[in-house]
Amino acid sequence: MIIEVLTLFPELFPGPLSSGVTGRGLNAGLVSLRVHNLRDYTHDRHRQVDDVPYGGGPGMVLKPEPIFEAVRARTGKGPVILLSPQGELLNQGLVRELARHEDLYLICGRYEGVDERVAAHLADREISIGDYILSGGELPAMVLIDAVSRLLTGVLGSEDSPKDESFADDLVEYPHFTRPPLFEGHAVPEVLLSGHHAEIARWRQAQAVERTRRRRPDLLKNNR
Ligand code: SAM
170 MIIEVLTLFP ELFPGPLSSG VTGRGLNAGL VSLRVHNLRD YTHDRHRQVD
220 DVPYGGGPGM VLKPEPIFEA VRARTGKGPV ILLSPQGELL NQGLVRELAR
270 HEDLYLICGR YEGVDERVAA HLADREISIG DYILSGGELP AMVLIDAVSR
320 LLTGVLGSED SPKDESFADD LVEYPHFTRP PLFEGHAVPE VLLSGHHAEI
370 ARWRQAQAVE RTRRRRPDLL KNNR
């Protein structure tokens, strides 16, 4: 998959994406990250990307021209995504949908945000990573890239890994334990030591449902 990112701070990439699972995806060429500097799409002496908001108010707004020019210069056909706290909330269902595309184009806002004409007439969708305000779209873009990369064939060590993970089927995952079997008086559940695969699978499924009921009852409403 090709993921293009338009940002005022290209030096932030790949940043944390270069380590671990996502780093493996990048190194293996399963994810190709192309980062574009928004300033490269300006044509004035000061390479100005922002301006004061019409109507007054604090802060600066990213101008539409360089963003439109950058997006129009791309060759990919996949969705153009504006990272925005006002967008639809990123969840695993949306991540799965995005992972089916051959390429994505991510626009990172800064300052007070982006001229509304970008959202209205250029971006295919606006995506938020949660109900809080960050200083820019770069961290949200990295969150999205990380989540999407994990679902691409070959990025995770085992093909089966993403199937069990939280939200895969509107459940949070069952609890995990590793050695030692007894730690400071707390024992690992007996069934996990039994070697009985069918019983372990049943126990895990029951734990996942029970945990979801307690922690995220909203997820159960989706399919049960
Ligand atoms: N004034 C905007 C508002 O109140 O909706 C917030 C602008 S924010 C300081 C600057 C940029 O950070 C946004 O344009 C967006 O790209 C990014 N951003 C901030 N929080 C975000 C979030 N929760 N999800 C996605 N992007 C976010």
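Each residue of the sequence shown is one higher than the one before, starting from 170 at the first, in our numbering.
Yeah, the Cβ is synthetic: ideal placement off N, Cα and C, and Gly gets one too.
By the three-class DSSP mapping on this structure, what secondary structure does residue i have?
{"i": "A356", "result": "strand"}
{"i": "V378", "result": "helix"}
{"i": "D387", "result": "helix"}
{"i": "D339", "result": "coil"}
{"i": "D213", "result": "coil"}
{"i": "R393", "result": "Residue placement at R393 cannot be trusted, given a pLDDT of 47 that sits under 50; what the coordinates show is reported in the next sentence. Reduced to three states, the DSSP call for R393 is coil."}
What does DSSP give as the partner residue(s) for residue i in the beta ladder?
{"i": "I250", "result": "L275, R294"}
{"i": "L202", "result": "I172"}
{"i": "L267", "result": "Bridge partners of L267: none, in fact."}
{"i": "E472", "result": "Limits of the chain in this structure are 170 at one end and 393 at the other, which puts residue 472 out of reach."}
{"i": "L351", "result": "A356"}
{"i": "V283", "result": "L231"}
Going by CA-CA distance only, name the one from the options that's closest to residue i.
{"i": "E180", "options": "V204, G189, M170, C277", "result": "V204"}
{"i": "L291", "options": "K246, A310, M311", "result": "K246"}
{"i": "D333", "options": "L177, Q376, F352", "result": "Q376"}
{"i": "G282", "options": "D387, E257, S253, E271", "result": "S253"}
{"i": "I172", "options": "A316, F237, G299, S188", "result": "A316"}
{"i": "S188", "options": "M311, F352, P350", "result": "M311"}
{"i": "N260", "options": "E379, S363, D339, P349", "result": "D339"}
{"i": "I302", "options": "R269, R279, V287, T322", "result": "R279"}
{"i": "P235", "options": "R348, L308, G262, I276", "result": "I276"}
{"i": "L389", "options": "I369, F336, H366", "result": "F336"}
{"i": "F206", "options": "P227, F182, T322", "result": "Before going further, note that residue 206 is Asn rather than Phe in the sequence given. Taking only the C-alpha atoms, the option nearest N206 is F182."}
List the endpoints of the continuous alpha helix (DSSP H) containing residue i.
{"i": "A239", "result": "233–241"}
{"i": "G189", "result": "189–196"}
{"i": "P309", "result": "307–319"}
{"i": "P331", "result": "330–333"}
Problem - Below 6 angstroms from a heavy atom of ligand 1 - residues by beta-carbon - result: L252, S253, P254, Q255, C277, G278, R279, E281, G282, V283, S297, I298, G299, Y301, I302, L303, S304, G305, G306, P309
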